[in-house]
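Under UniProt numbering, think of the first position of the sequence shown as 1, with each following residue one higher. Where a beta carbon is used, it is the ideal one built from N, C-alpha and C, also for glycine. Below you'll find the structure, written out as structure tokens, and then a few comments.
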Amino acid sequence: MGLCASSRNVVDIKKKLPDEEKQLTSQILCDSLSVAVVGIGEPPVENGQEFYQFLFHIHPRLQAHFVGADEFMGQDPKQPTKFAKQGQRLLMAIHTIAAAFDNPEAFHKNVSDLIKRHRDRNVDPFLWREFFGYFVTFLKTKGEMAPIEEAAWLQLGLRFNKVAQATLQTMGMPFEED
């Protein structure tokens, strides 16, 4: 299930006072990830593969960054491919970042390390800004998303991009300015 063990308590979370929402952001994010769990077995493996199929469908240009992506498109997501393992790694990174959201130092370190691991992949800085928008759209295909969950992902995406662009700048790589 990953770092975000969820009981899907969104209804209870919605009852919290607005000033408590900031402290609840990691929990909101983690609860919304109950539709995209990581782990062994069919549903978790399918989640990762389905995300890549979704991403390549809405952003075909990204296939160029992944060897074998052109053959992957159109395959049954239940059939294991290299994207099963890659999808699990991606979802685990998202679960980790979501769980760390309320701890600024841990969040910054996780995002910065992720960007550094992608240094040689020539990822367009624009994609770091847009990624969580794509991910939220994917989550919505898996089930209903409450407005408070969508707002939490928007907040995460903004903070993620800020750290990502600052890390790119520090590494002397192309980056987007605010």
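- Message: Tell me which residues share the same chain as leucine 139 and place their Cβ nearer than 7 Å to its Cβ, disregarding the 5 neighbours each side in the sequence.
- Response: Residue 139 sits at position 139 when you count from the first residue of the sequence shown. Around leucine 139: Ser32, Val35, Ala36 and Met145.
- Task: Excluding the 5 residues preceding and the 5 following phenylalanine 126 in the sequence, name in chain order all residues of the same chain whose CB lies nearer than 7 Å to its CB.
- Result: Indexing the sequence shown from 1 puts residue 126 at position 126. For phenylalanine 126, where only same-chain residues beyond five positions count, the Cβ hits under 7 Å are Glu176.
- Message: Our contact map puts valine 45 next to alanine 84 with C-beta atoms below 8 Å; I'd like the distance itself, whole angstroms only.
- Response: Here residue 45 refers to the residue found at position 45 of the sequence shown. Here residue 84 refers to the residue found at position 84 of the sequence shown. Sure, about 5 Å apart at Cβ, within 8 Å.
- DSSP three-state assignment for alanine 166, whether helix, strand or coil: Here residue 166 corresponds to residue number 166 of the sequence shown, with the count starting at 1. Here alanine 166 sits in helix by DSSP.
- Query: How would you write the range of the alpha helix (DSSP H) that proline 125 sits in, first residue to last?
  - Reply: For the purposes of this step, residue 125 is taken as residue 125 along the sequence shown, with counting starting at 1. From DSSP, the alpha helix (DSSP H) with proline 125 extends over 125-142.
- Taking the continuous alpha helix (DSSP H) assigned at glutamate 177, which residues delimit it? The count along the sequence shown starts at 1 and reaches residue 177 at position 177. Per DSSP, glutamate 177 belongs to no alpha helix (DSSP H) and is neither H nor E.
- Within 7 Å, strictly: CB atoms of phenylalanine 101 and threonine 25: What you label residue 101 is simply residue 101 of the sequence shown in a count that begins at 1. What you label residue 25 is simply residue 25 of the sequence shown in a count that begins at 1. Yes, they are a contact pair.
- Message: Taking 8 Å as the cut-off, does the segment 158-178 touch the segment 51-64 (at least 3 CB pairs, one atom from each stretch)?
- Response: Contact fails between the segment 51-64 and the segment 158-178, because fewer than three Cβ pairs, one in each stretch, are under 8 Å apart.
- Query: Taking the alpha-carbon positions, what's the arginine 117 to glycine 39 distance?
  - Reply: As a position in the sequence shown, residue 117 is number 117, starting the count at 1. As a position in the sequence shown, residue 39 is number 39, starting the count at 1. Rounded to the nearest angstrom, the two C-alpha atoms are 22 Å apart.
- Item | Contact belief for leucine 29 with isoleucine 115 at Cβ below 8 Å, rounded distance in angstroms | Your numbering for residue 29 matches position 29 in the sequence shown. Your numbering for residue 115 matches position 115 in the sequence shown. About 19 Å; that fails the 8 Å criterion.
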